[in-house]
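A.B. asks: So that we are looking at the same thing, I have put the structure below in C-alpha cells.
So, in C-alpha cells, the structure goes:
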C-alpha cells in the first residue's frame with residue numbers, strides 16, 4: 042500500500058502535469074476547458090503539498106515511528122520544538138520543504154498574473170517543470186518511507202526476528218549538534234532561499250528563449266527575497282558555528298557553507314546587473330539572465346554538496362542517492378543556459394554600441410560583475426576539485442595546508458578590488474568623473490603601499506602558524522601581504538556610501554529616498570562584515586587548553602598570559618528533563634537535596650541498577666536491596682517478596698515506593714540515611730528519564746589579572762548520536778568576546794580553552810544591516826524607467 | 695563593447711591559470727592520502743582497514759604497539775592537532791620509531807570507526823599487537839598530555 046504522504050505527492054504530480062498541458066496548449070490554441078483548469082490545478086498542487094508537509098509534521102509531533110524518516114531524526118523524549126524542526130533535519134524533509142515553497146511560488150505566480158501574458162505562462166511552465174522534478178526527487182527518497190522498508194528491518198522480518206508490522210518503540214534521536222535553537226531556523230531559511238530562486242531563473246530562461254520583456258520585473262522581488270533568505274541562512278549558520286559548534290569563528294570555509302555562499306555571490310552579481318539592465322534594456326542583456334540562471338544552477342549544486350557524502354564536510358548528516366538525479370538536472374539546465382546564452386550573444390553582436398571609453402558606469406559595473414564571478418569561481422573551484430581528484434584518482438588532497446588559507450589568500454586581493462569598485466561606483470557622477478578617478482587612484486596607491494607594511498602579525502596568512510613554513514611560494518607571497526591594505530579601500534567604500542546616503546537623504550520624493558537608503562545600508566553592511574571578519578580572525582588570542590580539576594571549584598586558576606578562570610559551579614542535566622519526564626519521577630540528587638519534601642510520601646525514581654544484594658529477612662520473605670543510579674546520585678531501594686528477585690546490574694527500572702530516613706537493617710547490618718521501600722509490582726522495566734541527551738554545564742568566571750572580564754556557562758552535550766560543545770560567549774559593548782570552549786568532563790578535570798575574540802559584533806551588525814537594507818529596497822515597488 | 699570583451703578575456707585566462715595552478719599545487723603539496731598511505735602532519739600512516747591488518751602484522755614482527763588515528767578533512771581541530779601535537783618533535787620521534795601508525799578517514803572508513811566506537815575526530819586508539827585496545831585519547835589534546843601516554847604504552851608493550 043502506498044503511504045498517504047506519498048499519495049499526496051503523486052496527486053500533486055498529476056495535477057501539475059495537467060497544469061503544464063494546459064499551459065502548453067495555450068501556446069497553440071485556446072481550449073477553454075484546459076484554460077480554466079490551469080490556475081485551480083496549480084493551487085491544488087500547492088495545497089496537496091502543504092497538506093503533505095503538515096502530515097509529516099504531524100507524524101513527527103506524535104512520534105509515529107512507522108515512518109523511517111521520523112524514526113531516524115526524532116525520538117519521543119525530544120521537546121516539541123525539536124520534533125517539529127526534525128522535519129527538516131534530513132534530506133528527505135528538506136526536499137519536501139523545497140518543493141512546497143516552489144509550488145507556493147507557482148501559486149503566487151498564478152494568482153498575481155492570472156497567466157495573462159506569454160511571459161507569465163512560460164515562466165510558469167519552467168517553474169512547474171522544476172517543481173515536478175523536485176517532487177520526483179522527493180519521491181525517490183520519500184520522507185514517508187515506512188520503517189519496515191528499511192533494509193536492516195526487511196532482513197530481520199525475513200528472518201522472523203521482527204513482526205511484519207514492526208514499529209519501533211523509540212526513535213533514533215536527533216544528532217546532538219542539531220538539538221539547539223539555531224537548528225530550528227537555519228535549514229528552513231536555506232531551503233526557502235533555494236526554492237525562491239526558481240522564478241527568477243524561469244523568467245530569465247524564458248527571456249533568453251523568446252526575448253519576452255518584463256522578465257526582470259517578474260523575478261526581481263523573488264531574487265531579492267532569495268538574496269535575503271539565503272544570506273540570512275548563511276549568516277545564521279555562521280552564528281550557529283560560532284555559538285554552538287565551538288569553531289571560535291563564524292566562517293571556516295567548510296565545503297557546505299561555501300557551497301551556499303557561491304549562489305549567493307552570483308545572485309548578488311545578478312542584482313547588480315539587473316539594476317542597470319532595468320534602466321537600459323540593452324545593458325547586460327545577456328549577463329543579467331545568465332547570472333540568474335547560474336545562481337539557480339549553483340543552488341542545485343549546493344543541494345548536492347549539502348546532502349552528499351562526497352564533499353567531506355561537517356554537514357555530512359546523510360547520504361544521498363538522489364545526487365545523480367540532481368546532477369542530471371544540473372546538466373540539463375547548464376546546457377540550456379549555455380546554448381541560449383550563446384545564441385543571444387551572437388544575435389547581440391550586431392548591435393553597435395558607442396564606445397565611451399573605459400571609465401563609465403556600465404564598465405565599472407561590468408568589472409564588479411566579473412569580480413563576483415572570480416570570487417565565485419575561487420570558492421566553487423576550491424570545494425570542487427578535491428572532490429574531483431578523489432573521484433578520478435582516488436587521492437585525497439587538501440586545497441592548502443589549512444583549508445581556509447586557500448580561500449583567504451585567493452579571495453583577498455579581489456575583495457580589495459571589489460571594495461575599490463564599490464567606492465567608485467556608489468558615488469559615481471558623470472560630471473566629476475576626473476576628480477573621482479583621481480581619488481580612486483590615490484586609494485589604489487595607498488592600498489598597494491600598505492600591502493608592504495610590516496607588523497607583528499597582521500598578514501593574510503598567520504606567520505606564527507605551524508603551516509606557514511610549509512606553504513608553497515605563491516601562497517607565501519600573497520600570505521605576506523599586510524592586512525592593513527584592506528583599510529584604504531574599506532574607508533573609501535564607507536566614505537562613498539556616506540556620500541551616497543547624504544545625497545539620498547536630500548531627495549524629496551519618498552520612494553527613491555527609501556530605496557536609496559536601503560542601498561546605502563546594504564553596502565554599509567558589507568563593510569561591517571568584512572571589518573568584523575578580518576579583525577576577529579587576525580586578532581583572536583587563543584590560550585592553550587587547560588585541565589582544571591573539579592575539586593578546585595571556587596579557586597582562581599591561572600591559565601597563562603595573565604588570564605585566569607574560576608569554576609563557580611558544575612552540574613549535569615538531561616535535555617529531555619525539561620519537557621518530557623513523566624509526571625512524578627524525581628531526580629535522586631533532588632531527593633538528597635531536599636529529603637523533607639519526599640519523606641513518607643510516594644516517590645518514583647528511574648535509572649540503572651548499580652548493585653544488588655538479596656537477604657532472607659524472615660522465613661519465606663526475601664528483601665532485595667537494589668542500588669539505583671539515575672546519573673545524578675545513587676539511592677538504595679528495598680523490595681520484599683516471597684522469593685529472591687532476579688534483578689541484575691545494568692538493568693533499567695522505574696521504581697515507585699515510599700521514602701524512609703535512617704533505616705537500620707539488621708540483616709545487612711547497615712543504616713541507610715535514605716531508602717526507598719518498594720514492592721515488585723511497583724518496579725517497572727525501562728527507564729522513564731531516558732538520559733539520551735546529557736548536558737554537562739560548567740559555570741565560569743574569566744579573569745584578567747584580578748579583574749573579572751567575563752562570566753557565563755559553557756556546556757557540553759553528550760548523546761548516543763555524538764557530542765557537541767556549547768561555548769561560553771560573553772560579549773561586551775566594545776565588541777570583544779570572551780569565548781570558552783568546554784570539551785566535556787574527563788577524569789575529574791574540566792578541559793577549557795579560552796579565546797579572546799575582538800570585533801565579532803561588527804559582523805553581526807553587518808548582517809543586520811544587510812537584512813534591513815534589502816527589506817527597505819523590497820518595500821519600494823519601483824517602476825521600469827524607460828516606460 | 696570592445697573594452698568589455700578584452701577585460702572578459704583577460705579574466706577568463708587568469709581564471710584558467712589559477713585553476714591549473716591550484717590543482718597542481720594541491721596534488722604536489724597537499725596530498726593527504728593515496729591508495730595505501732595517509733600523510734598527516736608530516737607523518738606517514740598506513741591507511742584504512744587493509745592498512746590496519748598490515749599494521750598488526752608489522753607490529754607482531756617488530757613488537758610495537760599500534761596507534762590508530764581517526765581524522766577528517768573538515769575537522770577544524772585535526773589540522774592543528776596534527777601539526778602541534780602529533781607533529782611535536784618528541785611525540786613525532788616516538789611515534790615514527792616505536793609505533794605502527796594507521797590513519798582512518800572518518801568519511802571513508804566509517805565501518806572501522808563504528809567498530810571501535812569512534813564518532814568524532816580527532817580520536818586516537820592505542821592497541822597492542824593483537825588488537826587489544828589499551829587506551830583511547832579522544833579530542834585534540836596537547837602534546838604534553840600525549841607524550842607520557844605514548845611513552846608509557848611503548849614501554850608497557852616492550853616489557854611484555
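Chains as they are written, first to last, in this note's numbering: chain H, 42 to 828; chain R, 695 to 854.
Just so it is clear, CB atoms sit at the ideal spot from N, CA and C, and this is done for glycine as well.
Source: prediction; values computed, not measured.
(1) Is residue 407(H) close to chain R? Criterion is C-beta to C-beta, closer than 9 Å.
(2) Taking C-beta pairs closer than 8 Å, name the residues in chain R that residue 755(H) reaches, listed in chain order.
(3) So with Cβ pairs under 9 Å, would you call residue 835(R) a contact of chain H?
(4) At a CB-CB cut-off below 9 Å, which residues of chain R make contact with residue 436(H)?
(5) Kindly confirm or deny that the stretch 569-576 of chain H and the stretch 697-706 of chain H touch, where touching means at least three C-beta pairs closer than 8 Å.
(6) In the stretch 293-307 of chain H, which residues sit with their C-beta less than 9 Å from some C-beta in chain R, listed in chain order?
(7) So, is the C-beta of residue 196(H) closer than 9 Å to a C-beta in chain R?
(8) So that I know if they touch, is there some Cβ in chain R lying closer than 9 Å to that of residue 619(H)?
(9) Answer yes or no: do residue 831(R) and residue 404(H) have a C-beta to C-beta separation smaller than 9 Å?
(10) To the nearest angstrom, how far is it from the Cα of residue 63(H) to the Cα of residue 75(H)?
(11) Kindly confirm or deny that the stretch 117-133 of chain H and the stretch 87-103 of chain H touch, where touching means at least three C-beta pairs closer than 8 Å.
(12) Apart from the five residues just before and just after residue 507(H), which ones in its own chain have a Cβ nearer than 7 Å to its Cβ?
(13) Identify the residues that DSSP records as bridge partners of residue 288(H): which are they?
(14) By how many angstroms is the C-alpha of residue 431(H) removed from the C-alpha of residue 621(H)?
(15) May I have the straight-line CA-CA distance separating residue 736(R) from residue 610(H), to the nearest angstrom?
(16) Restricting to Cα atoms, I'd like to know which of 714(H), 603(H), 721(H) is closest to residue 833(H).
(17) Let me make sure I understand the geometry here. Which of 628(H), 606(H), 608(H), 114(H) has the alpha-carbon closest to that of residue 615(H)?
(18) In the structure shown, what three-state DSSP assignment does residue 835(R) receive?
(19) Taking the Cβ atom as the reference point for each residue, do residue 154(H) and residue 259(H) lie within a distance shorter than 9 Å?
(20) Contact between the stretch 643-662 of chain H and the stretch 686-698 of chain H: three or more CB pairs below 8 Å?
(21) Excluding the 5 residues preceding and the 5 following residue 713(H) in the sequence, name in chain order all residues of the same chain whose CB lies nearer than 6 Å to its CB.
(22) Count the C-beta pairs between the stretch 530-546 of chain H and the stretch 457-469 of chain H that are closer than 8 Å, then say yes if the count reaches three, no if not.
(23) How many Å lie between residue 140(H) and residue 169(H) at the Cα?
(24) Would residue 808(R) count as contacting chain H if we go by Cβ distances under 9 Å?
(25) Hey, quick one: how far does the alpha helix (DSSP H) through residue 156(H) stretch, first residue to last?
(26) Under 6 Å Cβ to Cβ from residue 743(H), same chain only, skipping five residues before and after it: list those, please.
(27) Report yes if the CB atom of residue 797(R) is closer than 9 Å to the CB atom of residue 763(R), and no otherwise.
(28) Beta-carbon within less than 6 Å of residue 345(H)'s beta-carbon, same chain only, minus the 5 sequence neighbours each way: which residues are those?
(29) Does the pairing of the stretch 797-810 of chain H with the stretch 372-380 of chain H give three or more beta-carbon distances under 8 Å?
(30) Tell me, which residues are paired with residue 611(H) by DSSP?
(31) Might you give, ordered along the chain, the residues of its own chain that have their beta carbon closer than 8 Å to the beta carbon of residue 595(H), omitting 5 neighbours on each side?
(32) Cβ closer than 7 Å: which chain R residues qualify as neighbours of residue 834(H)?
(33) Pair every Cβ in the stretch 745-760 of chain R with every Cβ in the stretch 813-825 of chain R, then say whether three or more of these pairs are closer than 8 Å.
(34) Hey, does residue 764(H) have any beta-carbon neighbour from chain R nearer than 9 Å?
(35) Pick from 194(H), 217(H), 253(H): whose alpha carbon is nearest that of residue 206(H)?
(36) Between the stretch 269-276 of chain H and the stretch 810-824 of chain H, can you find at least three pairs of beta-carbon atoms closer than 8 Å?
C.D. replies: Result, derived from the coordinates:
(1) yes
(2) What residue 755(H) touches in chain R: nothing, since even the nearest Cβ is about 15 Å away.
(3) yes
(4) 721, 725, 726, 727, 728, 729
(5) no
(6) 293, 295, 296, 297
(7) no
(8) The predicted position of residue 619(H) is uncertain, since its pLDDT is 41 and thus under 50; a value taken from the coordinates is nonetheless stated next. Closer than 9 Å: no.
(9) no
(10) 5 Å
(11) yes
(12) none
(13) Paired residues: none, contrary to the question.
(14) In this prediction, residue 621(H) has a pLDDT of 42, which is less than 50 and means its spatial position is unreliable; what the coordinates show is noted afterwards. Cα to Cα, residue 621(H) sits roughly 45 Å from residue 431(H).
(15) 41 Å
(16) Nothing about residue 833(H) can be read from this structure; chain H reaches only from 42 to 828.
(17) 628(H)
(18) coil
(19) yes
(20) yes
(21) 677, 704
(22) yes
(23) 10 Å
(24) no
(25) Unbroken run through residue 156(H): none, as it is neither H nor E.
(26) 606, 750, 751, 779
(27) yes
(28) 364, 367
(29) no
(30) 739(H)
(31) 607, 608, 609
(32) As displayed, chain H neither begins before 42 nor continues past 828, which places residue 834(H) out of reach and without an answer.
(33) yes
(34) yes
(35) 194(H)
(36) yes
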